[in-house]
Each structure stands twice: as C-alpha cells, then as structure tokens.
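Residue numbers (the numbering used here), protein chains in the order written: chain G, 1 to 135; chain Z, 1001 to 1135.
The C-beta atom is built at its ideal place from N, Cα and C for all residues, glycine as well.
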DNA sequence: CCTTGACCTCAAGTGCGCTTGAACCAGGAG
DNA sequence: CTCCTGGTTCAAGCGCACTTGAGGTCAAGG
C-alpha cells in the first residue's frame, strides 16, 4: 500500500481526519492529490506529520512549523528558512536543558520522599526552578 | 523588598497581572495575602512560577501542574502526587529524546545546506521524523 | 434498490490559557 | 481637592488548534 486514504493516514499518525484537513487548510500539508474526489496521501506524509508533531511538542506554533517546512527551493525562502532555523536552535537548546532540569527535579523529588514538589529541599535556590525567566 | 505587589511580580516572571490573577483563580497559586485589598506575594512565588512555566513548556497542562504542586502534606494527596510524577517521568524522558532529535535534525539540516527540512537527505528513513507517533 | 460507511465542504463550536473592558477603590503628587 | 497610577471584581472576548454538525457524493454489499 503506497498510497493512503485520509482515514488510514489519520489512524497511522494518531490524529483524526478532520485534523489532517485542517493541516491542509492552513498550508501545513500540501493539498493532497484527489482520487474520485477523495484525498490520497503518499506514505511519506506519515514522516512529515511525525516531524510536525515533534516540532509542535517542542513549542513551535503551526505557523512556525509551516515556515520551517515550506521551502520550495526558492533562494529567498531558503534564506528565510535558515534564519528561522538558526533563531530556533538556541531556543531548542535552552528548552532541552530546562526540560532535563525539570525531569531531574521530579525524579529527585520522588526519590527524596518529600511531600511537596514546590517546597522540596532538593529544589532550593540553585535548583531548576531558580532559572531566570526568559523576559 | 521581601514582598512583591502583583505588578512587580508580573514584571519579574514575564507575565501580566491578569495572568497571575488567573493562576490564582484556577488554584495554581494560593490565594495571595492582601494588604489594603491588594495582593502581596512572598519572593518565593517567583520560583514557583518559574517551575510552573517550565512544566508548562514541557507539555503539562495547568491542571496537571496544579496536581503536581498541590500537595498539602496529606497522605492521600502525596500518594496521588507520586503516582502522577511517576507517570510523567517516562513521558518527560521520551520528550527530551525527541526534542534532542529535532534539535539535531535542524542543526544537521542547516549544516548540510539543503533547501528543505522536510526533504533533507539527512533526515531519511531512520531519522528523527521516522519515530513512531505515540498512540 | 437501498443501505452503509467513508469521504467531501463549509460554518460553527470547543477547550485551554490567558487578556480585555467596564466599573470601582485607595494612596500619593501637585 | 483633583488627578494619576495601579490595584480590585466579574464577565466577556480572543487566538490557537482542532472538532463537530449539517448536508451532500459515491462505491460496495446485501
């Protein structure tokens, strides 16, 4: 099966057909080829959607993801893509560090047996919560 | 200055007063002490909010964060907290791994000079986008 | 033939996480 | 005393990311 109907694709990526139509409507997915009026997707779309979902979980908006994905080979667009990607890298790095701190904090707090994450001794002044908010 | 007004606190954590009032209204912040009818916060609130924002960026909903933070020392609540925290740890781990893959993918793609993230050769079948979607 | 079910479009609705607006109050500067 | 700043409440509004509902098409199966 090299081509997928919208229902099948939705099942594979854990979305509903309506979500895929929505993605198409906002330009996140290219307008799918139609067979007898129905959308037909190449299997590669599964990958593209997995990428979208990953970026989304990392805090990118759909508009940003669209900007990252929508480079049609035009030099101007490519420059835009590079600018966006470059600007996003440090954000992603910071984000990963912070998430790791949060993870470690939750783990340590579980291990320490305290009652309350917020007041846990392990999370004192120099802990992850002490990180400066990014203005 | 050991106590903060709502405006000052908002400034420090990069939110608006309305956001802090909202947090209070949904039980994410304890009802602040009042001085002449105005909310007055201990400096420690800055830390609590930093923690909230971190958890939020890691994909927790405000309701989940409230559940994680709201342990008043009661044994039942503590058990709940441990259950939630334990259930969240693997999620957090997976999330960190995926975000790192995304980060590396963006970085590699920038380095490779290709035109398009989606079709970049570096992101082939075994790349990050090939990760199975989680249900 | 008729139903079933998956698909179509388009408009309206939903839930989350806040923000905004209206109407009011309190303290300090001029 | 008056104005300004910055706070108060409450209800309504907003943007994002979808979902739902109404109303229709089409192909296969009983």
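Identify which residue in the options has its Cα closest to the Cα of residue i.
i, options, result
"residue 1023 (chain Z)", "Z:1037, Z:1036, Z:1004 and Z:1053", "Z:1053"
"residue 1048 (chain Z)", "Z:1107, Z:1028 and Z:1034", "Z:1028"
"residue 1112 (chain Z)", "G:94, G:92, G:91 and G:78", "G:78"
"residue 1032 (chain Z)", "Z:1004, Z:1016 and Z:1055", "Z:1004"
"residue 70 (chain G)", "G:81, G:61 and G:60", "G:81"
State yes or no: is the C-beta of residue i within less than 8 Å of the C-beta of residue j?
i, j, result
"residue 89 (chain G)", "residue 1103 (chain Z)", "yes"
"residue 110 (chain G)", "residue 1067 (chain Z)", "no"
"residue 1006 (chain Z)", "residue 1039 (chain Z)", "yes"
"residue 96 (chain G)", "residue 1099 (chain Z)", "yes"
"residue 1219 (chain Z)", "residue 1026 (chain Z)", "Any answer about residue 1219 (chain Z) is impossible in this case: the structure gives chain Z only from 1001 up to 1135."
"residue 1011 (chain Z)", "residue 1043 (chain Z)", "no"
"residue 41 (chain G)", "residue 92 (chain G)", "no"
Counting only Cβ pairs nearer than 8 Å, list the residues of chain G close to residue i.
i, result
"residue 1059 (chain Z)", "57"
"residue 1112 (chain Z)", "None at all; the shortest Cβ gap to chain G is about 11 Å."
What is the DSSP secondary structure of residue i, counted as helix, strand or coil?
i, result
"residue 1127 (chain Z)", "Reliability fails at residue 1127 (chain Z), whose pLDDT of 42 lies under 50, so the model's placement of it is uncertain and no value is given."
"residue 42 (chain G)", "strand"
"residue 1005 (chain Z)", "strand"
"residue 11 (chain G)", "helix"
"residue 16 (chain G)", "coil"
"residue 1050 (chain Z)", "helix"
"residue 132 (chain G)", "In this prediction, residue 132 (chain G) has a pLDDT of 38, which is less than 50 and means its spatial position is unreliable; what the coordinates show is noted afterwards. Residue 132 (chain G): coil per DSSP, three-state reduction."
"residue 105 (chain G)", "helix"
"residue 1034 (chain Z)", "strand"
Is it buried or exposed for residue i, if we count other Cβ within 10 angstroms and need 16 for buried?
i, result
"residue 46 (chain G)", "buried"
"residue 106 (chain G)", "buried"
"residue 1094 (chain Z)", "exposed"
"residue 1055 (chain Z)", "buried"
Since residue i meets chain Z, which of its residues come closer than 7 Å, beta carbon to beta carbon?
i, result
"residue 11 (chain G)", "Here the premise fails: no neighbours, minimum Cβ distance about 10 Å."
For residue i, which residues in chain Z fall below 8 Å Cβ to Cβ?
i, result
"residue 86 (chain G)", "1110"
"residue 99 (chain G)", "1054, 1057, 1058, 1092, 1095, 1096 and 1099"
"residue 29 (chain G)", "In chain order: nothing, as chain Z lies at least about 11 Å away."
What does residue i reach in chain Z if we use C-beta pairs closer than 9 Å?
i, result
"residue 20 (chain G)", "Near residue 20 (chain G) there are no residues of chain Z at all, since even the closest Cβ is about 13 Å away, more than 9 Å."
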